[in-house]
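Taken in sequence, the protein lines are chains Y and D. Position 126 (the first sequence) corresponds to 126 in the working numbering; numbering is contiguous. Add 1000 to a position in the second sequence, counting from 1, and you land on the number used in the working numbering. What follows is a set of notes on a single structure, which appears directly below.
Protein chains: 2
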Amino acid sequence: MADINNKTPGDDEIRQAIELLFFAYRDFVADPDKVLADYESPKGSLGRAHHRVIHFVGRNPGMTVAELLQILQITKQSLARVLRQLIDEGFVVQERGPEDARQRLLYLTAKGEALETALSTPQRARFRRLFEKAGPEASRSFRTLLLELINEDERDQVLTLIARKQQTSP
Amino acid sequence: MADINNKTPGDDEIRQAIELLFFAYRDFVADPDKVLADYESPKGSLGRAHHRVIHFVGRNPGMTVAELLQILQITKQSLARVLRQLIDEGFVVQERGPEDARQRLLYLTAKGEALETALSTPQRARFRRLFEKAGPEASRSFRTLLLELINEDERDQVLTLIARKQQTSP
DNA sequence: TAAACTAAGTCAATATGGCTGACATAAATA
DNA sequence: TATTTATGTCAGCCATATTGACTTAGTTTA
């Protein structure tokens, strides 16, 4: 009776993994949500969308708007509101591209870096606890499986992105 | 220079895991999103919120509204709109609780089951591919680490929930 | 060089999924 | 009986996303 709804053997483990991913992600994003809720900014509050921008710009200083759009997979109109707010409030600055002057290269300000740290600290703590408990082998295997969960045609791109060495500031 | 922004050793692996989780979840939820986009219902379209309800009611037939709220961690007003739509369109039915007549026990209809299958099929396929490639040991370790990513005080509850044996229909 | 394309920004309208607060009903319990 | 609990509902608000149309400036190409 336990397998009443399972289509093939192993489906129960698969379903459990699907639910675990849901709960893990739910708690994982709840950390920075709490930080943002406490953070009162002048022009409207900051949300998850701002967090994602802060994260990726912090990690990839000098990235273009187009690159950011590709990562977030949202429309430029959606990004516009968020990015405008972050720029207006001094978390992010833009520089015109030295090669291609149409591009706007994005950087965090010191204020932006501070927010990035505040947001990522609880998330890093969550993973650090995990990796310390599980050991290096399981941790490596965890990252490998996460990577293979990503659409096949984007894996190389993601690998390149996350392995990219940190560049210097503007 | 590679560790310029790292606070402690291992931070680079941690940051990579954080980004991988973001991308993995992004692609993971994109599967059912596509299914839902194709699914034209009479009174407004269905979204992720409906998917989550369909999933958990499908997995836990006879669950109460309170249990569902606890899992989703949203307000009852947020759930109300989604649940009302699913009931009105015949995906979900309610039964008054036999012990406690205030409760409304939730079940999927045949139509609801069909939608659940359509939504979960691509997600299951994604995980099946993964688990077949990685082998049982890595797969087990993956689930263990996902579980430990969840808030400590909720882990037992989640374990109980996902390990629960499938019950019979109303 | 003129035409075409590209990177980015903007305006407007709309959908979805959350939230708070207030209040209602019915059933269980102290 | 009085209170608490499970659920539902109304109203308004906010954050995040969408599509479509259009602009500006800079690059590329025919």
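Note that CB positions come from ideal geometry on N, CA and C, so glycine has one too. Computed from a predicted structure; not experimentally measured.
Worksheet item: Closest Cβ-Cβ distance between S1078(D) and chain Y: below 8 Å?
Response: Not an interface residue.
Exercise for the section: Show which residues of chain D have a CB atom less than 9 Å away from the CB atom of Q73(Y). Expected result: Taking a Cβ-Cβ threshold of 9 Å, the residues of chain D close to Q73(Y) are R1026 and A1030, in chain order.
Quiz item: To which residues does DSSP link V1092(D) through a beta bridge?
Solution: Note: V1092(D) is bridge-paired with L1108(D) in the DSSP secondary-structure output.
- According to the Cβ coordinates, are V1082(D) and H1055(D) closer than 8 Å? It is not a contact, given that the beta carbons lie outside the stated cut-off.
I'd like to know whether the C-beta of A19(Y) is nearer than 8 Å to at least one C-beta of chain D.
Correcting the residue identity first, residue 19(Y) is Glu in this sequence and not Ala. Answer yes: the Cβ-Cβ gap between E19(Y) and chain D drops below 8 Å somewhere.
### Message
Does any residue of chain Y have a CB that is nearer than 8 Å to the CB of F1091(D)?
### Response
Residue-level contact by beta carbon fails for F1091(D) and chain Y, as no gap is shorter than 8 Å.
Worksheet item: Within the 8 Å Cβ cut-off, does M1001(D) reach chain Y?
Response: Bear in mind that a pLDDT of 43 at M1001(D), under 50, signals an unreliable position, so the model cannot answer this.
**Prompt:** Is any beta-carbon of chain D found at less than 8 Å from that of K111(Y)?
**Reply:** Residue-level contact check: K111(Y) does not touch chain D, since none of the beta carbons of chain D fall below 8 Å from its beta carbon.
query: Which of helix, strand or coil does DSSP assign to N1005(D)?
result: No answer about N1005(D) holds up, because its pLDDT of 49 lies below 50 and its placement is not dependable.
Problem - Nonlocal neighbours in the same chain, by C-beta distance under 7 Å from Y39(Y), ignoring five residues either side - result: Sequence-distant partners of Y39(Y) (beyond 5 residues in either direction) whose C-beta falls short of 7 Å from its own C-beta, in its chain, are L46.
Open item on the list: When you compare the CB of N1151(D) with every CB in chain Y, is at least one pair closer than 8 Å?
Closed with: True, the Cβ-Cβ gap to chain Y drops below 8 Å.
TODO: Would you mind reading off the limits of the alpha helix (DSSP H) that contains D1038(D)?
DONE: First-last of the alpha helix (DSSP H) with D1038(D): D1011 to D1038.
### Query
List, in order along the chain, the chain Y residues whose C-beta lies closer than 7 Å to that of I1162(D)?
The contacting residues are Q16, E19 and L20.
Buried or exposed: where does R48(Y) fall if 16 or more other Cβ atoms within 10 Å of its Cβ makes it buried? R48(Y) counts as exposed, since fewer than 16 other beta carbons sit within 10 angstroms of its beta carbon.
Exercise. What do you reckon, are the CB atoms on L105(Y) and E113(Y) nearer than 8 Å?
Worked result: In this structure, L105(Y) keeps its C-beta atom at 8 Å or more from the C-beta atom of E113(Y).
Item to complete: Within the same chain, show all residues whose beta-carbon is closer than 6 Å to that of V1035(D), passing over the 5 residues directly before and after it, in chain order.
Response: If we look at V1035(D) and ignore the five residues flanking it on each side, its Cβ neighbours are A1118 and L1119.
- Around the C-beta of I1014(D), are 16 or more other C-beta atoms found within 10 angstroms, so that it is buried, or is it exposed? I1014(D) is buried by the Cβ-count criterion.
query: Closest to G44(Y) by CA distance: which of Q85(Y), T64(Y) and D11(Y) is it?
result: Nearest of Q85(Y), T64(Y) and D11(Y) to G44(Y), Cα basis: Q85(Y).
What are the residues of the stretch 34-50 of chain Y that lie near chain D, defined by any Cβ-Cβ distance shorter than 9 Å? Within the stretch 34-50 of chain Y, no residue qualifies.
What whole-angstrom Cβ distance do L1130(D) and L145(Y) have, given they're in contact under 8 Å? That belief holds up - the Cβ atoms of L1130(D) and L145(Y) are roughly 6 Å apart, short of 8 Å.
task = Compute the distance between the beta-carbons of Q123(Y) and T64(Y), then report whether it is under 8 Å.
result = At the C-beta level, Q123(Y) and T64(Y) stay beyond 8 Å of one another.
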